[in-house]
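Contents: one structure, followed by commentary.
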Amino acid sequence: MTEIELAFEKLGSGPPLICLHGLYGAGRNWRQIARALSSDFGIYLPDARNHGKSPWTEAISYPLMAKDLFNFMQRQGLEKPILLGHSMGGKTVMQFAFDYPQEAAGLIIVDVAARAYESEFHGHLLQSLLRLNLQTLSSRQEAEFLLESAVPDRGVRQFLLSSLQREDTNWRWKMNLSGLLKDLPKIMGAVPLPVHALSKEIPVLVMAGALSSYIQASDQLDFQQRFETFESIQIPGSGHWLHVEQPKLFLSELKIFLKRWFM
Numbered sequence: 001m002t003e004i005e006l007a008f009e010k011l012g013s014g015p016p017l018i019c020l021h022g023l024y025g026a027g028r029n030w031r032q033i034a035r036a037l038s039s040d041f042g043i044y045l046p047d048a049r050n051h052g053k054s055p056w057t058e059a060i061s062y063p064l065m066a067k068d069l070f071n072f073m074q075r076q077g078l079e080k081p082i083l084l085g086h087s088m089g090g091k092t093v094m095q096f097a098f099d100y101p102q103e104a105a106g107l108i109i110v111d112v113a114a115r116a117y118e119s120e121f122h123g124h125l126l127q128s129l130l131r132l133n134l135q136t137l138s139s140r141q142e143a144e145f146l147l148e149s150a151v152p153d154r155g156v157r158q159f160l161l162s163s164l165q166r167e168d169t170n171w172r173w174k175m176n177l178s179g180l181l182k183d184l185p186k187i188m189g190a191v192p193l194p195v196h197a198l199s200k201e202i203p204v205l206v207m208a209g210a211l212s213s214y215i216q217a218s219d220q221l222d223f224q225q226r227f228e229t230f231e232s233i234q235i236p237g238s239g240h241w242l243h244v245e246q247p248k249l250f251l252s253e254l255k256i257f258l259k260r261w262f263m
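Each residue of the sequence shown is one higher than the last, beginning at 1 in UniProt numbering.
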């Protein structure tokens, strides 16, 4: 397996906290939260493979992303960091706990369960983005107009188009659309259940959006099988993007957890 070097940003100093973004995102998605925590923690914001400024690869899966994270920690000299992940990043955190159960100080899983999710919606999104002709595209506004019928939610369109970058006179995506589409079943797939639950000595926080359907009541049993002990909270008034939709509430609950265990 070829080792890749993840692009990343670093803010602050102190105990290491690594924040992992979701599908279509980048480490920059965590900047607002990272700035608010940077006086107490050394915060690392890596871009996952096939996202942001990190290398594009033929394959993407949770075992590969967990290995990327482990290699990143070794390269940066990080021992037992706190791991925080949203959506795809949250599944990466759970895979990491499965593969490297003694290598994290704590886990924060944001609005995702370990089970498989329906991939049809994301397949539709990726195909819509791939159909955009970047050679004839004149502006980001034109791209948004062309995507309007396929992606009616304006917030989703703008989030996707934040990864469309202009270099000189050419447009390019900062994510590997074809690679993501090829391995979408793996990205939307389940993280395997470990033989032994993660030790209660490693604190775990599961954060869900009260308006999101990503974590169901039935997922609690799976979390109980994965972690000897964990806390579970809901953020009122928030959908899937907790740290964007309700940043103050998200940060408040996150700080309570971090202060209890790491400050």
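Glycine included, C-beta positions come from ideal geometry on N, C-alpha and C.
Q76 has its alpha-carbon roughly 22 angstroms from the corresponding atom of G25.
In terms of Cβ geometry, G106 and P46 do not form a close pair [threshold 9 angstroms].
Put simply, of L78, Q158, Q32 and S87 the residue whose alpha carbon is nearest the alpha carbon of A48 is S87.
D222 is positioned such that its CB atom lies closer than 9 angstroms to that of A113. Secondary structure within the segment 31 to 99: the alpha helix (DSSP H) runs of 4 or more consecutive residues, fully enclosed, are 31 to 37, 62 to 76 and 88 to 99 (chain order). Residue burial annotation: V191 is buried, with at least 16 other C-beta atoms found within 10 angstroms of its C-beta. Each residue's CA atom was taken as its position, placing D68 and E5 some 8 angstroms apart.
With respect to the C-alpha of Y117, the residue from Q224, R154 and D219 having the closest C-alpha is D219. Residue range P247 to F262 is occupied by the alpha helix (DSSP H) that includes F262. Nearest in C-alpha terms to V195, of all of S54, Q95, F70 and P55, is Q95.
Inclusion of S238 and F250 in the CB contact set at 9 angstroms is warranted, their separation being smaller than that value. The continuous stretches of alpha helix (DSSP H) do not include V191, and DSSP gives it neither H nor E.
With respect to the 9 angstroms criterion, L64 and I18 are not classified as neighbours on the basis of their beta carbons. By the C-beta density criterion, H21 is buried, having at least 16 other C-beta atoms within 10 angstroms. Taken in chain order, the whole alpha helix (DSSP H) runs of length 4 or more contained in the segment 137 to 204 are 140 to 147, 154 to 161, 177 to 182 and 184 to 187.
In chain order, A7, A26, G27 and K174 place their CB closer than 7 angstroms to the CB of G52, counting only its own chain and leaving out the 5 sequence neighbours on each side. Straight across, the Cα-Cα distance linking Q224 with V206 is about 11 angstroms.
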